[in-house]
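Chains as they are written, first to last, in this note's numbering: chain H, 58 to 373; chain U, 197 to 930; chain W, 3 to 225.
Quick reminder that beta carbons are idealized off the backbone N, C-alpha and C, glycines included.
Remember, it's a predicted structure, so these values are computed and weren't measured experimentally.
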Amino acid sequence: MKSFTYERANSPAEAAAAAARTPRAKFIAGGTNLLDLMKLEIETPSHLIDVNRLALDKIEPTSEGGLRLGALVRNTELATDERVRRDYGLLSRALLAGASGQLRNKATTAGNLLQRTRCPYFYDTNQPCNKRQPGSGCSAIGGFSRQHAVIGASEACIATHPSDMAVAMCALDAVVETVRPDGATRNIPIAEFHRLPGDTPEIETTLASGELITAVTLPKPVGGKQIYRKVRDRASYAFALVSVAAIVQRDGSGRVALGGVAHKPWRVEAAEADLPRGAKAVTAKLLADARPTRENAFKLTLAERTLAAVLTEARG
Amino acid sequence: MKFDTPATTNPIDQLRVIGQPVNRIDGPRKTTGTATYAYEWHDAAPNPAYGYIVGSAIAKGRINAIDLAAAKAAPGVLAIVTAENAGKLEKGSLNTAKLLGGPDIQHYHQAVAVVVAETFEQARAAAQLVRVDYASAQGAFDLAKLTDSAKPEKITGGPADTKVGDFAAAFAAAPVQLDATYTTPDEAHAMMEPHASMAAWDGDKLTLWTSNQMIAWNVADIAKTLAIPKEKVRLISPYIGGGFGGKLFPRADALLAALGARAAGRPVKVALQRPLMFNNTTHRPATIQRIRIGASKDGKITAIGHESWSGDLPGGQPDGAVSQTRLLYAGADRMTTTRLAVLDLPEANAMRAPGEATGMMALEIAIDEMAEKLGIDPVELRILNDTQVDPEKPERSFSQRRLIECLRTGAERFGWSKRSAAPGRVRDGRWLVGTGVAAAFRNNMLTKSAARVRLDSSGIVTVETDMTDIGTGSYTIIAQTAAEMMGVPIDKVVVRLGDSNFPVSAGSGGQWGGNNSTAGVYAACIKLREAVAQKLGFNSAEAAFADGQVKSGNRSVPLAEAAGDGELAAEDVIEYGDLAKKYQQSTFGAHFVEVGVDTATAEIRVRRMLAVCAAGRILNPKTARSQVIGAMTMGVGAALMEELVIDKRHGFFVNHDLAGYEVPVHADIPHQDVIFLDETDPMSSPMKAKGIAELGICGVAAAVANAIYNASGVRVRDYPITLDKLLDRLPEVG
Amino acid sequence: MDDMRSPGDFKFSRRDLLIVGAASLTAPAVAVTTEPFVAKAEVVLKPAVPGAPVMSKVSFNVNGKTRVLEVDTRTTLLDALRENLHFTGTKKGCDHGQCGACTVIVGGRRINACLTLAVMHEGESVTTIEGLGTPDNMHPMQAAFVKHDGYQCGYCTPGQICSAVAVLEEIKAGIPSHVSADLTAAPQFSAAELRERMSGNICRCAAYSNIVDAVTEVAGSKA
């Protein structure tokens, strides 16, 4: 870990301004991924802006009937909130499927969105990785790729996004609220928040330099059966091989997002029209352009079968 | 004490303390965080500097140059040791690869430097500034491609190949045949405490506080590596955060702490960083195993053949996967072969039940497959082919062999008779449910072990031996042994372990620690009893030791009086004659497992587990049970998730941390039942005990595999059995 | 406030390092100044030379006593406890949040001490295994682990125990888990709940079955 200076910020605007002023600064909230990566010098900030004491840890109703989730709400608090459990069960379920109790007690809403891939080559600094060191190459292509993306990947990177929470938020049409160093705020639909790797896998979100997430807003509840199904080898404390976030209405319509298959939560709204026709029809469209490796081709079957089970459960 | 005739009645048979489910005497320290592990000796070596290891970025080749300038200039750096400036180092006799690489590199993450700095943070940061220029060479990393060039190599306890009768002819003639190939992957010990050492020099004397299973081996190898006399090396290792065979030999932490401390001129501590451990240290090697079994239609095995291939670095050793096949089942015509390929992966070496653990993973699926072919219940098939003699040397009988009783007891307790023999028939909600069985088998090894026992004037009995407790319960069973022998309550016994100043014990490995180390304590206690009897004027043959008193006839004297005018001490060693040659000594068991396979996702979850063990006298049913459930869990890991994945292009284990290398967590493991058959083995030692800690892992994975087959109808022969290997063969969801 | 625990903790003071001014960094959360923070930070947060450690003063409460430390900003809470304060009961198993051996309770919640910086805990309260009980006066959870042999090598044990103590509180507080059947109902203690909630604490010796027995006994006696 490289040396860094440290400050504790008092307001979102102040934090964003500090980030703009300090080259190679990073915000730190829960720290559960950032410190992990700093120890390996995959992240090397020269300045940390501790945002933990910004007053962004509230969950509040919005005037549209939704919920505004502060950026610093811990994953445990978010999953436990009665309104979330009642109206956005999908989100609560996704959070509880992720990490461990200890990590959920630290990890924040914003930090969860910003966690980086778990690709083992990204983590091994001896190995080429375009995400870690742009232009060095992708070791996962032709290497161990069982966990990697089956769709939306590129010649530069086949990493997946590891978040469960983000997959649920994607299905819930969440919106990410930010503040920029100049004080300007904006709202980013979750579907546009994470990027596909393309030629620049090191750029993972549409956040600008120094832009700070202040909240995530959930639209008013959409009801329906909400199911988050995470599939993994180990029964707990493991990243998803595939996860399915589904909201299914009485009439069979609904929404589906997949985790573990791409560089971002994977949702294709056009595929959702086929929900009443069953999992095969949906995944045929959802994963139409899939280009799996030999090692992860099973994810296509797994996604379809998992969705089928989820739809059965939703109907039952 | 020489143990060369079968044990008769002795004080251990009283079972006042031995055989009781005594709580661990080290428990209060371990549960309150006051047990001191290797990196934690703040009082013994104050103000240590911190070492951080740099691992090789290539698997094979040479270091052209190391540029230390930036690292040396980094804040807080006190010293940097590399092969270039370390002085002459021998290779220890126990390791295959050198602990400090350079200029030649033998494997990925082989240590190439240790950076010593004032603080951990500084050492870690400076280690990143070490610039190494490598010339990478082509290596061999794919065992499957090397089976033809692999060479015969002997295994622990036996030759590479064995042959009885004419296997080929008998197999060809058998009406029912199985010819199947199984693979097991490389596995990591993944003990919770990383390898760690603290080193301090006092002139030419080295003290190492380290985490190590075998004190005397390590003293010898550290001395050899540093080219200093053994007498100059002191090892202290009273608490070890898990080993499983991964801490049998010195590792880079010990050597580089010693070298770092010498270079920095002050105590240095080094812990292997977790992401380095998987490639830097040893692992259980992958195997390819071909098993052929021929049987008559009524299920009698007539021919059994087991061939195994594994790989290791040049000069390394093979996995002994065929070991149990030489002994477990009858069959007149038989053969085993062991082939070793040269690989440039990290060093392969012992991991919990080396040999049988992998061998049983394959053999016990093969038996299940045979049972199905024969239409015979898999429990019955095993019983049908039991043998009471060594099938390769029928003149040798087993000292004890109660495999049949293990299987029968387990079947009854588990409700085996309710099982559907046809696979894929039982449904519980979203789960396909199945049960599986496997035999458990692991040899019992005898090795000499010494101890010193002292009695003080307050009646406290102190045992000193360099035996280690790696979680096995050594502290407690040794205390129980001394308490039983000297006739005192266990709280009057103090046990001091893991110090090279103490008499040399069996150490912890190969499930030999429990029986041998307590037998050594028994021997020392016999001597101490004689000294006490003499001191108090008793005939030692007649004196009884009980309730803190020494008694004979009407006379009873407090034990403590024997030390009234000065401590009494006795030291002895248990040594073995040829009973193990005359009798085959093994431990036996049966594993029963129920699994659920998700109908949609093929996720596999273990629902019930039972092990029945026959392993001689159980010295402490509480700690022995813990050993078995731990081994069962490691077996579940081997069955379902554990695999060091090789990048065959670059020659390293890719998933080299605890997020990538998954081991079972709480949620993977149901309640586990263990039954011990009431047994004593007079051939094993005066304790009449045998090993138990490794028996528990042997066969578990196959029982899981067989249960998966029974649940789903999908037979997987390549471990780990992950959902992707089942998915395409499950029925449609709906 | 207590003094630092041993002379060893002063080792940094011998070194030629820039010491961060206390004013801006040691104030407890409730008293954070409303003045522009940044200007002050700029004054105090420049390292003397590139790469040199940045030292910072931090004080937090450990097991009921306030500790004042001067640490490298890079020092994790785990290393501050183990190396600076000599609370070695908290273990380093992986240093990357993958094993749970470093579990401590901060502000009533269990966390991985390896993935948080010491300087981020100004004014907070930390409970380590040493704070729960001693060999002569064990916490009920510690005693239950001994009784049920809920450990073998002992290395993951402090983390398991801290986690178990916190888990019972989490269930009491109504925090649901992955295996809670009904999200809207209050979670109930069960073996399945316990196994899921304890899954962030790996035990390679695998005392899992015994740990469940130990925690269940404590949960029962609490009810």
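Taking residue i as the query, report the chain U residues whose CB atoms sit under 7 Å from its CB, ordered along the chain.
i	result
residue 183 of chain H	253
residue 88 of chain W	238
residue 177 of chain H	850, 851 and 856
residue 207 of chain W	438, 667 and 826
Show which residues of chain W have a CB atom less than 8 Å away from the CB atom of residue i.
i	result
residue 219 of chain U	148, 149 and 151
residue 910 of chain U	Result: empty, since nearest Cβ-Cβ is about 26 Å, beyond 8 Å.
residue 14 of chain H	Residue 14 of chain H is absent from the structure shown; chain H starts at 58 and stops at 373.
At least one CB of chain W closer than 8 Å to the CB of residue i: is that the case?
i	result
residue 636 of chain U	no
residue 146 of chain H	yes
residue 309 of chain H	no
residue 867 of chain U	yes
residue 172 of chain H	no
residue 163 of chain H	yes
residue 88 of chain H	yes
residue 787 of chain U	no
residue 266 of chain H	no
With a threshold of 8 Å between beta carbons, is residue i in contact with chain H?
i	result
residue 388 of chain U	no
residue 64 of chain W	no
residue 143 of chain W	no
Between which residues of its own chain and residue i is the CB-CB distance below 6 Å, once the five residues before and five after are set aside?
i	result
residue 580 of chain U	495
residue 858 of chain U	837
residue 663 of chain U	670, 693, 701 and 713
residue 352 of chain H	202 and 203
residue 266 of chain U	325
residue 220 of chain W	142, 143 and 146
residue 629 of chain U	622, 792 and 907
For residue i, would you say it is in contact with chain U, using Cβ-to-Cβ distances shorter than 8 Å as the test?
i	result
residue 118 of chain W	no
residue 98 of chain W	yes
residue 340 of chain H	no
residue 107 of chain H	no
residue 211 of chain W	yes
State the DSSP-derived secondary structure class of residue i, mapped to helix, strand or coil.
i	result
residue 613 of chain U	helix
residue 99 of chain W	coil
residue 577 of chain U	helix
residue 221 of chain W	helix
residue 485 of chain U	strand
residue 783 of chain U	strand
Starting from the beta carbon of residue i, find every residue of chain W whose beta carbon is closer than 9 Å, and list them in chain order.
i	result
residue 142 of chain H	178, 185 and 186
Which residues share a DSSP beta bridge with residue i?
i	result
residue 533 of chain U	U:503
residue 155 of chain H	Looking at the DSSP assignment, residue 155 of chain H forms no beta bridge with any residue, so it has no partner.
residue 373 of chain U	U:490
residue 748 of chain U	U:751
In chain order, what residues of the same chain lie with their CB nearer than 7 Å to the CB of residue i, ignoring the 5 residues before and after it?
i	result
residue 61 of chain H	102, 103, 104 and 105
residue 118 of chain H	124
Using a C-beta to C-beta distance shorter than 9 Å, which residues of chain U count as neighbours of residue i?
i	result
residue 59 of chain H	321 and 324
residue 107 of chain W	Near residue 107 of chain W there are no residues of chain U at all, since even the closest Cβ is about 13 Å away, more than 9 Å.
Measuring from the CB of residue i, is there a heavy atom of the ligand PLP at a distance below 7 Å?
i	result
residue 315 of chain U	The ligand PLP is absent from the structure shown, which contains no ligands of any kind.
Taking C-beta pairs closer than 7 Å, name the residues in chain H that residue i reaches, listed in chain order.
i	result
residue 174 of chain U	Any question about residue 174 of chain U goes unanswered here, given that chain U covers just 197 to 930.
Identify the contact partners of residue i in chain H, using a Cβ-Cβ distance below 8 Å as the criterion.
i	result
residue 930 of chain U	365 and 369
residue 199 of chain W	158
List, in order along the chain, the chain H residues whose C-beta lies closer than 9 Å to that of residue i?
i	result
residue 935 of chain U	Nothing about residue 935 of chain U can be reported from this structure: the residues present for chain U run from 197 to 930 only.
residue 845 of chain U	196, 199 and 200
Sorted by chain position, which residues of the same chain lie with C-beta nearer than 8 Å to residue i's C-beta, five sequence neighbours on each side aside?
i	result
residue 577 of chain U	495, 563, 566, 567 and 570
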